[in-house]
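**Q** Please see the structure below; I have some questions.
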Amino acid sequence: NERLIIRTSTQVPFHVRRIVAEVLNFPLHKIRVIKPRVGGAFGGKQEILNEELVAAVTIRAGRPARLEFTRAEELYAARSRHPQIVTLKIGINADHTI
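The sequence shown maps to residues 176 to 273 in this note's numbering.
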């Protein structure tokens, strides 16, 4: 009767639930994903990062586990943006104003 409760900052809690179930071979109906109010992520939290790793530790240890990044760790090890191409046109006037 063990359940897995995952609290994570995500815009896609049902994807997190499905992926964690698949990766860990854990029954989908026994996983609950709780997300706090995310705010203006603008699509930046539409992926799964380390939830399955923390869930695996929780299952193995039989106790709650937590992963918390420092700001520096968050910048180089966590969320990324989707690839994009930006086309920019820029000009400068005779008086050197952009």
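Every residue, glycine too, gets a C-beta built ideally from N, C-alpha and C.
Remember, it's a predicted structure, so these values are computed and weren't measured experimentally.
Check the DSSP bridge columns for Arg207 and list the partner residues they point to.
**A** Ile180
**Q** When you compare each of Ala252, Ile260, Arg238 to Arg178 by their alpha carbons, which one comes out closest?
**A** Arg238
**Q** Mind checking Phe189: buried by the 16 CB within 10 Å criterion, or exposed?
**A** Exposed is the call here.
**Q** My understanding is that Ile181 touches Glu226, with C-beta atoms under 8 Å, so please give their C-beta distance in whole angstroms.
**A** 6 Å
**Q** Quick one: what does DSSP say Thr233 is sitting in, helix, strand or coil?
**A** It is helical.
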